[in-house]
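Q: Please find one structure pasted underneath; my questions will follow.
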Amino acid sequence: MRARYWAAVVLLFLVGCADETGVIPPKDVLYYPLGLAAHPDGRYLYVTNAVFDRRYNTGTLTVYDTEARQVVAPATVPLGLFAGEIRLWRGEDGIHGVTVTRENGQVMPFRLGDDPQAADHIQCYDPAQASYGRCQADSGFLSFGVDGSPVASDPLGLALTPAGFVVTHAGNGVVSEWALDVDGAVRFDCQRNLPAGATSVARHPVLGWLYVTDRFNHRIQLVEPRPTALRDPEGVDTAPCELRNRGTLVVDPDIERGRTRGIAFSADGSLMYVASSSDRTLRIYDTSVGPAGTPRNTLLGAVPVGIQPNVVRVAGLRPGECRVPLRPGTAPGTCDRSDAAGDGLVYVTAFGDDRVVVLDPATLAVVARIEVGQGPHDIAFLPDADGRLRGYVSNFEVHSLSVLDLEPGSPARFTRIATID
171 MRARYWAAVV LLFLVGCADE TGVIPPKDVL YYPLGLAAHP DGRYLYVTNA
221 VFDRRYNTGT LTVYDTEARQ VVAPATVPLG LFAGEIRLWR GEDGIHGVTV
271 TRENGQVMPF RLGDDPQAAD HIQCYDPAQA SYGRCQADSG FLSFGVDGSP
321 VASDPLGLAL TPAGFVVTHA GNGVVSEWAL DVDGAVRFDC QRNLPAGATS
371 VARHPVLGWL YVTDRFNHRI QLVEPRPTAL RDPEGVDTAP CELRNRGTLV
421 VDPDIERGRT RGIAFSADGS LMYVASSSDR TLRIYDTSVG PAGTPRNTLL
471 GAVPVGIQPN VVRVAGLRPG ECRVPLRPGT APGTCDRSDA AGDGLVYVTA
521 FGDDRVVVLD PATLAVVARI EVGQGPHDIA FLPDADGRLR GYVSNFEVHS
571 LSVLDLEPGS PARFTRIATI D
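Going by the numbering used here, the sequence shown opens with residue 171, and the numbers climb by one from there.
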């Protein structure tokens with residue numbers, strides 16, 4: 171299993187050495203699926219296909235209809251090769267998204283049309299025209315901002331912010347900040363070089379600080395964006411973008427062992443979960459805000475989860491927990507049924523074990539180990555047509571998705587109930 175993992179890693183780092191050959195991949199298949207994002211209204215799942223295969227000259231972003239149980243082929247659009255993460259969010263003018271690819275340093279913002287079955291459902295942002303339209307493999311930003319400002323290459327991780335989103339640039343040890351204006355225009359704001367690498371990133375829901383992991387380092391780097399209160403409420407930001415270094419959090423004092431990967435917060439920001447691959451654990455920290463106005467960052471426990479813990483996701487809310495609104499001045503809103511059904515449980519994909527591990531943050535204990543396909547990477551949560559909570563796992567090595575029953579009270583809870591090839 172470990173050999174399979176390192177083969178994928180080596181291929182990832184050789185992306186810049188390959189020739190641009192091949193043909194466009196089929197639109198109706200999953201091929202090296204990596205990032206997953208659920209539509210805010212449910213039913214549809216968005217999948218980035220990394221396509222680690224030089225028979226093809228692009229990757230793809232596909233739409234999967236969880237009720238019809240099929241890929242919506244007309245809606246598939248091309249990406250650059252070697253896609254990374256994907257995020258969706260509800261904006262003032264509809265559903266927006268962003269994904270990244272590593273081959274051409276692509277940061278690709280997009281928005282979604284009302285009909286997920288339509289060929290123009292996914293519309294990509296064109297920086298030259300400052301508008302959305304047909305997606306191409308080179309849509310979006312390619313290693314530089316629309317104003318010519320240089321942006322680091324090798325984008326990988328994503329996190330949403332009140333103003334837009336941030337991107338980690340793995341090979342450069344850089345975090346970049348991007349803004350989405352009220353008219354839908356996307357712009358690069360600024361970036362910061364970090365002392366180490368940058369793999370995954372999560373935003374503290376209360377403070378807005380960025381916690382950045384590094385797969386070759388035993389520390390989490392803390393970055394504070396300029397307070398959003400300084401931004402003009404109309405969306406015109408006249409002050410300079412700033413990302414401040416707020417120090418590091420040592421995950422493992424042994425520099426030979428420490429490696430950090432996926433990271434996530436509880437909805438209220440009081441807990442942080444990070445995958446530590448060297449000792450095969452999920453580490454849980456108290457990140458509640460102390461009297462000094464800074465996070466406590468106190469280790470609560472380290473739970474063994476398996477070989478190569480990878481992506482970390484949190485399902486819903488813990489009992490009594492409230493979600494912190496992403497944008498200041500907006501109401502937290504009511505919790506939907508998926509929030510309650512998720513129980514705030516923590517899900518970790520163990521790439522080398524072909525399992526998803528489920529942990530209860532209240533007890534710091536593993537409650538389930540679910541067998542999935544080979545090379546699980548990401549996981550997303552969606553209710554089915556009857557409102558029952560399901561988890562979808564991207565199986566990178568076998569080009570499939572695993573469907574998990576996560577519904578409380580179900581006799582099949584925490585089992586794989588289907589495989590989508």
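Where is the CB? At the ideal position from N, CA and C, for every residue including glycine.
CB V482 to CB A520, shorter than 7 Å?
A: In this structure, A520 does not lie closer than 7 Å to V482 by Cβ.
Q: Run through DSSP, which three-state label would D509 get?
A: Of the three classes helix, strand and coil, the one that applies to D509 here is helix, per DSSP.
Q: Please classify S301: is it buried, with 16 or more other beta-carbons within 10 angstroms of its beta-carbon, or exposed?
A: Result: exposed.
Q: Looking only at C-alpha atoms, which of M278, L330, T464 and A472 sits nearest to A445?
A: Of the listed residues, the one whose Cα sits closest to A445 is A472.
Q: Using DSSP with H/G/I as helix, E/B as strand and the rest coil, what is F335?
A: F335 falls in the strand class under three-state DSSP.
Q: Please report the distance separating the alpha-carbon of G315 from that of R272.
A: For G315, the predicted structure reports a pLDDT of 46, less than 50, and the residue's modelled location is therefore unreliable. The matter cannot be settled from this model.
Q: Assuming contact is defined by CB atoms lying nearer than 7 Å, are G522 and Q478 in contact in what I supplied?
A: Yes, these two residues count as a Cβ contact at 7 Å.
Q: What distance in whole Å lies between the Cβ atoms of D513 and P553, which are believed to be in contact at a cut-off of 8 Å?
A: Wrong, their Cβ atoms sit about 14 Å apart, outside the cutoff.
Q: Excluding the five sequence neighbours on either side, which residues of its own chain have a C-beta within less than 7 Å of the C-beta of P210, listed in chain order?
A: The residues are L258, R260 and I265.
Q: Cα-Cα, which of R525, L251, N387 and Y214 is closest to Y202?
A: Selected option, being the one with the closest Cα: L251.
Q: When the distance is taken between beta carbons, is T338 closer than 7 Å to G354?
A: Contact flag unset, no.
Q: Assuming contact is defined by CB atoms lying nearer than 7 Å, are A253 and G275 in contact in what I supplied?
A: It is not a contact, given that the beta carbons lie outside the stated cut-off.
Q: For the beta strand (DSSP E) containing T246, name the first residue and the last one.
A: Careful: T246 lies outside any beta strand (DSSP E) and carries neither H nor E.
Q: Taking buried to mean at least 16 other C-beta atoms within 10 Å of its own C-beta, is L469 buried or exposed?
A: L469 should be labelled exposed.
Q: Can you give me the Cβ contacts of T383 inside the same chain, cut-off strictly under 7 Å, excluding the 5 residues immediately before and after it?
A: Excluding sequence neighbours, T383 sits near T369, S370, I390, T430, R431, I433 and V444.
Q: By Cβ distance below 8 Å, which residues in the same chain neighbour A329 in space, the five residues on each side in sequence not counted?
A: The residues are R257, F335, V336, V371, A372, R373 and L380.
Q: Report all residues from its chain with a CB closer than 6 Å to the CB of G205; omit the five preceding and five following residues, and keep chain order.
A: The answer, listed in chain order, is T218, E255, I256 and D548.
Q: Could you tell me the alpha carbon to alpha carbon distance between L529 and V193, rounded to whole angstroms?
A: L529 and V193: Cα-Cα distance of roughly 42 Å.
Q: Among F222, L312, R507 and L215, which has the Cα closest to the Cα of E134?
A: Past the boundaries of the shown model lies residue 134; the chain is included only from 171 to 591, so the question cannot be answered.
Q: In this structure, does DSSP put V268 in helix, strand or coil?
A: Strand.
Q: Taking DSSP's pairing of strands, which residues face N219 in a bridge?
A: BP columns for N219 point to P203 and T230.
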